[in-house]
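Residue numbering for the sequence shown follows the working numbering, beginning at 14 and increasing consecutively.
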Amino acid sequence: MKRISFVIIVVVILAGVYAIAQQDYFPEDDFVEIDDIVLNGTTLAISSGCKALVAETSEERAAAIQAGIDGVIVGRPTIYDAFVEVIDTYNMTLVSMAITGRDEQYYYSDLVLQSPTKILRIDIKPSDAMALALRTGATMYINRTLIEAEGLDWC
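So, in structure tokens, the structure goes:
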């Protein structure tokens, strides 16, 4: 009887982990994958297909994004590099990030972290989310309506 109970518990845990892994955090009806990120000074172009959202960022965040693109640590590790180390140490995965919207003043984004038993969705500045996602290879998305409405023709 103990063996059957153990097997049932293992099956339930595995089913839960599988369900977490199959979750669609950013549905493709609402989000498109970011194809490329290009920096020119502090001007950031985020493209998907033939559209690109162009925005300004700070010099510090531009440098953090560029270091993520280049896959390097310049001098001492940044908070982004340290955060990635924390994620790894606690057996978590940065699954994805998405630029979710915009108001008159700010762009908004979410970062999705996953451990074997939990999912954490964090509201975070898009530039910070990109700097982290680039360091981990996480998939990056942008709200389809946002890029279609505000994106520039890029092809």
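All C-beta atoms, glycine included, are put in the ideal place defined by N, C-alpha and C.
On a predicted model such as this, the values are computed, not experimentally measured, just so you know.
Helix, strand or coil: which one does DSSP assign to residue i?
{"i": "A28", "result": "Model confidence at A28 stands at a pLDDT of 48, short of 50, so the residue's coordinates are unreliable; what they give is reported in the following sentence. A28: helix per DSSP, three-state reduction."}
{"i": "V99", "result": "helix"}
{"i": "A58", "result": "strand"}
{"i": "D141", "result": "helix"}
{"i": "D116", "result": "coil"}
{"i": "T106", "result": "strand"}
{"i": "D136", "result": "strand"}
{"i": "R74", "result": "helix"}
{"i": "Y93", "result": "helix"}
Compute the Euclidean distance between the alpha carbons of residue i and residue j, then round it to the nearest angstrom.
{"i": "V195", "j": "Y103", "result": "The requested residue 195 is not part of the displayed model; the chain covers only 14 to 168."}
{"i": "D48", "j": "T130", "result": "30 Å"}
{"i": "E46", "j": "Q79", "result": "19 Å"}
{"i": "Y120", "j": "V108", "result": "20 Å"}
{"i": "L52", "j": "S128", "result": "32 Å"}
{"i": "L126", "j": "T106", "result": "6 Å"}
{"i": "E117", "j": "R89", "result": "36 Å"}
{"i": "A146", "j": "M153", "result": "7 Å"}
{"i": "W167", "j": "T55", "result": "18 Å"}
Applying the 10 Å Cβ sphere with the 16-neighbour rule, what's the burial state of residue i?
{"i": "A65", "result": "buried"}
{"i": "N156", "result": "buried"}
{"i": "D123", "result": "buried"}
{"i": "L133", "result": "exposed"}
{"i": "S60", "result": "buried"}
{"i": "R148", "result": "buried"}
{"i": "P40", "result": "exposed"}
{"i": "A34", "result": "Low confidence applies here, because A34 scores a pLDDT of 47, under 50, leaving its location unreliable and the question unanswered by this model."}
{"i": "I160", "result": "buried"}
Mind checking which residues open and close the beta strand (DSSP E) that includes residue i?
{"i": "T70", "result": "Looking at the DSSP string, T70 is not in any beta strand (DSSP E), and its letter there is neither H nor E."}
Check the DSSP bridge columns for residue i and list the partner residues they point to.
{"i": "A194", "result": "With the chain covering only 14 through 168, there is no way to say anything about residue 194."}
{"i": "G50", "result": "According to the sequence displayed, residue 50 carries Ile and not Gly. DSSP output for I50 lists I59 as bridge partner(s)."}
{"i": "V45", "result": "I155"}
{"i": "D166", "result": "K64"}
{"i": "L147", "result": "Beta-bridge pairing links L147 to no other residue."}
Check whether the Cβ of residue i lies closer than 6 Å to any heavy atom of the ligand HEM, and answer yes or no.
{"i": "R134", "result": "You won't find the ligand HEM in this model; it holds no ligand whatsoever."}
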